[in-house]
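Report on the structure given below.
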Amino acid sequence: MYSKYDLNFSAGATKKIFLFSDLHIDSPLCDTKRLKQDLDMAVEQDGSIFINGDVFDFLLFRDFKRSTPTTQSTFNDDQIGTIIDNVYEFLKPYADRILGIGVGNHETSVLKYHHIDPIKMLIYRLEKECSVIINHLGYTGFIRLNAVRQGSTSYKSYDIWYHHGSGGGGKSKGIMQHNDVASNFMADLYWMGHNHANIADFDYPITYVNSKGKIETKNRMFARTAGYQRDDQHLPEDYKKRGYTLDWGKEKFLRHTSKGCQVLTLKLDRDQSNGKESVSIRSKLESGWN
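Its first residue numbered 4, the sequence shown is counted upward by one per residue in the numbering used here.
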């Protein structure tokens with residue numbers, strides 16, 4: 004999958020790209036207050052939004068592996084339709100900021116067993132009701148951001164390789180995957196989610212010959228976005244009164260998870276020192292924590 008976006012800059016200006024994944028909006032454990040704060044921050048900072056899968060939780064009644072009554076957000080027969088309606092209402096205020104939405108393992112499970120692509124349905128609803136254009140990013144692919152200087156034909160491209168993620172992450176939080184990814188794909192930023200770790204990793208330099216025959220070294224970055232699933236392992240429970248509440252994460256001895264998004268800041272620099280105009284991009288990655 005490849006998608007391209009033109010970003011109009013004035014020289015020296017910055018643009019912020021907010022990278023989200025693993026929202027799990029329909030989960031009772033979704034920290035919707037925190038998620039709304041981060042989405043509001045994207046609006047306040049005039050940012051653009053990408054979502055890298057697991058927008059939904061979709062622990063449906065017949066998910067015998069993980070579903071229990073305490074994981075349900077709706078109990079009507081049209082469970083999938085109702086969840087899509089509710090997630091649409093949540094994201095509707097931010098529709099004009101969202102450039103692309105991808106698929107995660109929670110959506111592919113619905114596609115596999117119920118023959119419905121919920122991301123396709125969500126995008127259709129947002130586009131129809133909000134008069135926007137949102138790309139379906141699939142599970143993995145490339146995003147090209149073309150930084151175009153206003154009033155000029157000069158531009159610079161910034162490439163993001165993304166993949167929702169796979170595996171549990173374990174003690175390394177998925178960091179051991181980073182070198183494998185960087186050795187197989189060429190991009191300025193690599194971005195994954197899935198394992199609910201929040202990581203900004205900067206140490207992936209590469210040396211190459213540019214189009215003008217000059218040897219250059221540039222650094223590449225790796226982003227892991229954590230999402231918004233609350234970690235309630237620390238909360239007291241009265242098992243004698245209520246009985247034990249099934250908890251897949253506790254029982255599998257999974258580590259505590261993080262929350263939040265990552266914010267990519269791009270700055271367009273203009274250089275006329277050699278009598279010709281050229282533009283370059285400086286990038287900065289930081290966790291979108293309040």
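All C-beta atoms in this analysis are idealised placements derived from N, C-alpha and C, irrespective of residue type, glycine included.
With respect to the alpha helix (DSSP H) encompassing residue i, which residues constitute its N-terminal and C-terminal limits?
| i | result |
| --- | --- |
| Ser112 | 108-117 |
| Arg245 | 242-245 |
| Arg100 | Note, Arg100: premise wrong, no alpha helix (DSSP H); not H, not E. |
| Lys123 | 121-133 |
| Gly84 | 82-94 |
Within its chain, find whatever has a CB closer than 6 Å to the CB of residue i; leave out the 5 residues flanking it on each side and keep chain order.
| i | result |
| --- | --- |
| Trp292 | For Trp292, the predicted structure reports a pLDDT of 49, less than 50, and the residue's modelled location is therefore unreliable. A value from the coordinates is still provided. So the list reads Gly263, once near-sequence residues are dropped. |
| Ile54 | Phe23, Ile104 |
| His197 | His167, Gly168 |
| Lys287 | Thr268 |
| Leu114 | Asp120 |
| Asp153 | According to the sequence provided, residue 153 is Gln. The question's Asp does not apply to it. Once the five neighbours on either side are set aside, the close Cβ partners of Gln153 are Asn11, Ser13. |
| Phe67 | The predicted position of Phe67 is uncertain, since its pLDDT is 46 and thus under 50; a value taken from the coordinates is nonetheless stated next. Closer than 6 Å at Cβ, skipping near neighbours: no residue. |
| Asn201 | Ala229, Ser261, Gly263, Ser290 |
What are the residues that DSSP puts in a beta bridge with residue i?
| i | result |
| --- | --- |
| Thr210 | Thr220 |
| Gly263 | Gly230 |
| Glu289 | Val266 |
| Asn138 | Gly103 |
| Leu26 | None, per the DSSP bridge assignment. |
Sorted by chain position, which residues of the same chain lie with C-beta nearer than 8 Å to residue i's C-beta, five sequence neighbours on each side aside?
| i | result |
| --- | --- |
| Asn213 | Glu219 |
| Ala190 | Phe145, Asp162, Ile163, Trp164, Arg223 |
| Gly50 | Lys18, Lys19, Ile20, Phe21, Met44, Arg100, Val266 |
| Tyr97 | Leu42, Ala45, Val46, Ile52 |
| Thr35 | Ile28, Phe93, Tyr231 |
| Ile83 | Phe61, Leu63, Val113, His117, Ile119, Pro121 |
| Ser134 | none |
| His181 | Tyr193, Asp204, Tyr207, Phe225 |
Are the C-beta atoms of residue i and some chain C residue less than 8 Å apart?
| i | result |
| --- | --- |
| Met224 | The chain labelled as chain C is not found in the depicted structure, where only one protein chain is given. |
With a cut-off of 8 Å on the beta carbons, I'd call residue i and residue j a contact; round off their distance for me.
| i | j | result |
| --- | --- | --- |
| Ala150 | Ile284 | 6 Å |
| Ala185 | Glu289 | So it is not a contact: roughly 20 Å between Cβ atoms. |
| Leu32 | Lys159 | The Cβ separation is near 41 Å, so there is no contact. |
| Asn11 | Asp57 | Contact doesn't hold; Cβ gap of about 31 Å is too wide. |
| Tyr8 | Leu192 | About 14 Å; that fails the 8 Å criterion. |
| Leu129 | Ile87 | With 8 Å as the limit, Leu129 and Ile87 do not qualify as a contact, their Cβ atoms being about 11 Å apart. |
Ignore the nearest five residues each way along the sequence and tell me which others in residue i's own chain have a CB closer than 7 Å to its CB.
| i | result |
| --- | --- |
| His199 | Asp25, Ala229, Gly230, Gln232, Thr260, Ser261 |
| Leu38 | Leu26, Tyr231 |
Identify the continuous beta strand (DSSP E) that holds residue i and give its terminal residues.
| i | result |
| --- | --- |
| Asp9 | 5-12 |
| Val151 | 143-152 |
| Leu22 | 17-23 |
TODO: Let me know the alpha helix (DSSP H) ranges lying completely inside the segment 29-53, each 4 residues or longer, listed in chain order.
DONE: Taken in chain order, the unbroken stretches of alpha helix (DSSP H) that lie wholly in the segment 29-53 and span 4 residues or more are 35-47.
Task: Completely contained beta strand (DSSP E) runs for the segment 159-201, where each covers 3 or more residues - done: Fully enclosed beta strand (DSSP E) runs of 3 or longer: 192-195.
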